[in-house]
Amino acid sequence: MAEHDIEEKIESLRQIQMEIGPCEVITGGRDKKRFLLYQLELSMLKAERIDMIVSFLMESGVRMILDDLEQALNRGVKIRILTGNYLGITQPGALCLIKERLGDRVDLRFYNEKGRSFHPKAYIFRRKDFGEIYIGSSNVSRSALTSGIEWNYHFDERRDSRNFHQFCGTFEDLFYNHSIVINDEVLKQYSKEWKRPAVIRDMERYDSLDDETDGEVVFQPRGAQIEALYALKNSRLEGSEKALICAATGIGKTYLAAFDSQPYERVLFVAHREEILKQAAESFRNVRHSDDYGFFYGKEKTRDKSVIFASVSSLGKTDYLNESYFARDYFDYIVIDEFHHAVTDQYKKIMEYFKPRFLLGLTATPERMDGRNIYALCDYNVPYEIGLKDAINKGMLVPFHYYGILDETVDYSKIRIVKGKYDEEELTKEFIKGRQYELIYKYYMKYRSKRALGFCCSRTHAEQMAKEFCRRNIPAAAVYSDSDGEYAVERSEAIEKLKRGELKVIFSVDMFNEGLDISEIDMVMFLRPTESPVVFLQQLGRGLRKSRDKEYLNVLDFIGNYEKAGSAPFFLSGRSYSSAEAGRMQQQDFEYPDDCLVDFDLRLIDLFHEMAKKRAKKEERIRSEYFRIKEMLGGRVPARMDLFTYMEEEILQICNGLQNSPFKHYLRYLNSLGELGDRNRAIFNSIGNDFLEMLETTQMTKSYKMPVLLAFYNNGNVKTQIDEDDIYRGHKEFYYTANNWKDLAKDKSTSDFRTWDKKRCTREALKNPVRFLLQSGKGFFVRKEGYVLALNPQLYEAVEMDGFSQQMKDVIDYRTMDYYRKRYEGKTE
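Quick note, the sequence shown lines up with residues 204 to 1032 if you use our numbering.
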């Protein structure tokens, strides 16, 4: 704020003071002149030191004083804030607002005495030989600083020096002897454990009423969005060029991306559905306050706008991914919505073509989609995540009442499984033949609904369900692609009819898993077998958005004897499914979100245990998964990275727990399956396989060995010895790619790695990876005069073998990506 503006604001505040006279007692209320905020603003503008001690901070209050605090800091004012964390009333978002805007210039702390309550509310200001204090009942919330009924008293040290200095002395003692600094680690842990306490609901309601009376709609980040923005900012400061944000449906991921995009001039937003693109455009317009945007789908191919919203099916074509349409660096910032789709070819083409300054992936369901790993696409850089369970606990979504209903109308054991899924045609026949709709109607009527979604397995299934409900005087429609059935209604028309109450139920086939925003939905029905955590959580999320007068969502899940019966308790409690655990766990072993009800038919518990016990042995499941992936790859023998990328999460976890994991002895595993082939068999029967197995099993507490191994790999022309030039090249190739730099950046002694010359790179390599490889490399690495490191001459013949370099690179890539995964999960060796 310019000096003229500050003087103008001071004059305005003085005018208010003159109108109301001397103000020792501040009681709030409807008269804006009695707001504590105005008194604090005037004191902040004149202060040389500011101390605040309050029992809690809320986003609404912090926003009101943030500009004034920043202006004070810019004038050199020292600011200290002491707040409480008791009962979790202080919002993590409020702390992030302070940290993001003011950084370490403010000394921000938590009171840290567990055995004593903490309820002070005081604001102390000092300048030259003058000090003043406001003390009373106002914490830092919008209502407390403005129209709420609060009693606060103001006095200065000239009038009551003894009490003023006693308050100041007590503050000093509490601040320095009974507090902890709120650094990023403390803030992250507090946010992780934070649950929205019931008392906050009233405070938020009062603040929202104030918002409504103000009239103007202000688009600003809230709650999880604030935390995510702060995490993204820190990630970029560390050097990240791409990140994945995992946040449950209803958090406002599109608005989050819009807020995060503001510093960037040219932005690309990619999604797979036109409706999502139009919704996103509206969100970006509200945040960026600009109509300089266009679309890239169908016949519209905008290229001259600052923000472009593109469908993956249009932009992903080779015709447009070239310099004549877009330069690789045309966009500064790219958003990939519904990032779990990014494993598909068209998304990957877009991501591989463009080179933005930053790429942001958004998803509510980071679980593997059809067994495909999406974390790897962002090098496991996940600055912020909030799952469905935490989102409910934090009050961002409504709780659910889940009813697991035994469905014996279908015998799934008679239905073929094709590529890991039940055959759609056979499944539909069984549903219709078994008269499943009578069971569904019975429970729909039991729990009632004004607006419901039913998720079906096929068009015929959706049509039949709509027909049966209409026959029973429940207005219903079927929605699916190319809808041409008797009860079919086009997607957008069905949505509007459901909103207006003209429809009570929509039965859909994969049309409402994403991009649907009807907060009034009060029931979802799962009418097909659960085969994927992604789909289950997507469909559940359709009904969890908050809405006025909506207390909870009813969930009706019709469960039969299908392959993954028993997975729902895992998904609802935020855990990864494990058939081994499903076979022994009881319902009381699962911790569900607060205020949620989970009720399974008792017969289902026995079914869960029975189905889990029928699962094949671990080795057979790994074998089946291998051949599923091979079929998916068109019959090509999978590499290690193929298995890592496409393997189902549960099978991957099984592999990680096995002593004889395929990933530890891959060629040996291929040999056991009869899958080696002539080229790999030659390597397997040579000392080269012993070398590869050493690379597969060498310990990795950090990533330091990888650049040395890359130096040997030498872009496919394997070297038998490496010198300083090779070490330097390997260093740059590895640490300047993706997030490989993180291990170096986090260590103070190596955080300057970007400035290293050849000598420094060699010195660091000799200190750790070279020394370790010589000691524990099973004799495959040796010293050689004139070189930093060399391979044992026994390997010379092996490294020349056809396919050896590809095997070596596959091991390096797999070990690097597996290290990312373990680092992300906190399981590094």
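Yeah, the Cβ is synthetic: ideal placement off N, Cα and C, and Gly gets one too.
All figures in this text were calculated on a predicted structure; none of them were measured in a lab.
Reducing DSSP to helix, strand and coil, say where residue i ends up.
i: Glu1032; result: At Glu1032, the pLDDT of 48 sits below 50, so the modelled position is not reliable and the matter cannot be decided from this model.
i: Cys449; result: strand
i: Arg278; result: coil
i: Tyr625; result: strand
i: Ile422; result: The amino acid at residue 422 is misidentified as Ile; the sequence shows Phe. Reduced to three states, the DSSP call for Phe422 is coil.
i: Lys324; result: strand
i: Arg361; result: coil
i: Asn764; result: coil
i: Ser711; result: strand
i: Gln924; result: strand
i: Leu305; result: helix
i: Leu912; result: helix
i: His544; result: helix
i: Ile825; result: helix
i: Glu705; result: coil
i: Met1011; result: helix
i: Val473; result: strand
i: Glu441; result: helix
i: Ile256; result: strand
i: Asp946; result: helix
Using alpha carbons as the reference points, say which of the options lies closest to residue i.
i: Val601; options: Thr965, Tyr872, Gly744, Thr286; result: Gly744
i: Arg751; options: Ser722, Tyr1023, Val737; result: Ser722
i: Ile890; options: Gly339, Phe472, Tyr999; result: Tyr999
i: Tyr337; options: Asn355, Arg345, Ser346; result: Asn355
i: Asp614; options: Arg365, Leu855, Val621, Glu629; result: Glu629
i: Thr373; options: Glu936, Val546, Ile256, Gly497; result: Ile256
i: Gly318; options: Met599, Gly623, Glu478, Gly287; result: Gly287
i: Lys617; options: Leu440, Gly306, Ile292, Phe634; result: Phe634
i: Val712; options: Val738, Glu834, Glu705; result: Val738
i: Ala474; options: Ser509, Ser517, Val389; result: Ser517
i: Thr848; options: Asp522, Phe321, Arg986, Asp1013; result: Asp1013
i: Glu570; options: Pro323, Ser1008, Gly777, Leu994; result: Gly777
For the alpha helix (DSSP H) containing residue i, name the first residue and the last one.
i: Met850; result: Careful: Met850 lies outside any alpha helix (DSSP H) and carries neither H nor E.
i: Phe367; result: 364-380
i: Val515; result: 515-518
i: Met897; result: 890-900
i: Ala180; result: The shown model of the chain, from 204 to 1032, leaves out residue 180, and the question about it has no answer.
i: Arg491; result: 477-491
i: Phe773; result: 771-775
i: Tyr869; result: 869-876
Using the Cα positions of residue i and residue j, report the straight-line distance between them to the nearest angstrom.
i: Arg824; j: Cys858; result: 10 Å
i: Val708; j: Val682; result: 11 Å
i: Glu927; j: Asp387; result: 38 Å
i: Cys226; j: Tyr536; result: 50 Å
i: Gly232; j: Ser350; result: 5 Å
i: Ile608; j: Gly590; result: 25 Å
i: Glu353; j: Leu260; result: 16 Å
i: Lys821; j: His664; result: 35 Å
i: Ile284; j: Asn380; result: 14 Å
i: Arg506; j: Ser493; result: 16 Å
i: Arg299; j: Phe774; result: The amino acid at residue 299 is misidentified as Arg; the sequence shows Cys. Roughly 30 Å between the two C-alpha positions.
i: Val727; j: Val585; result: 30 Å
i: Glu1032; j: Arg1018; result: Bear in mind that a pLDDT of 48 at Glu1032, under 50, signals an unreliable position, so the model cannot answer this.
i: Lys645; j: Thr547; result: 40 Å
i: Gln789; j: Ile808; result: 8 Å
i: Pro400; j: Leu377; result: 25 Å
i: Ile383; j: Lys331; result: 29 Å
Going by DSSP, what residue range makes up the beta strand (DSSP E) through residue i?
i: Glu335; result: 333-339
i: Phe672; result: Not the beta strand (DSSP E): Phe672 falls in the alpha helix (DSSP H), residues 662-674.
i: Phe658; result: 655-658
i: Ala993; result: 992-994
i: Glu227; result: Element bounds for Glu227: n/a, residue is neither H nor E.
Could you pull the DSSP bridge partners for residue i from this structure?
i: Gly564; result: Leu447, Ile539
i: Glu813; result: Beta-bridge pairing links Glu813 to no other residue.
i: Ala681; result: Ala691, Phe710
i: Glu734; result: DSSP, once it has assigned bridges, lists no residue as partnering Glu734.
i: His604; result: Asn757, Leu800
Can you check whether the C-beta of residue i is within less than 8 Å of a C-beta belonging to chain C?
i: Glu430; result: Protein chain content of the structure displayed is limited to a single chain, and chain C is not contained in it.
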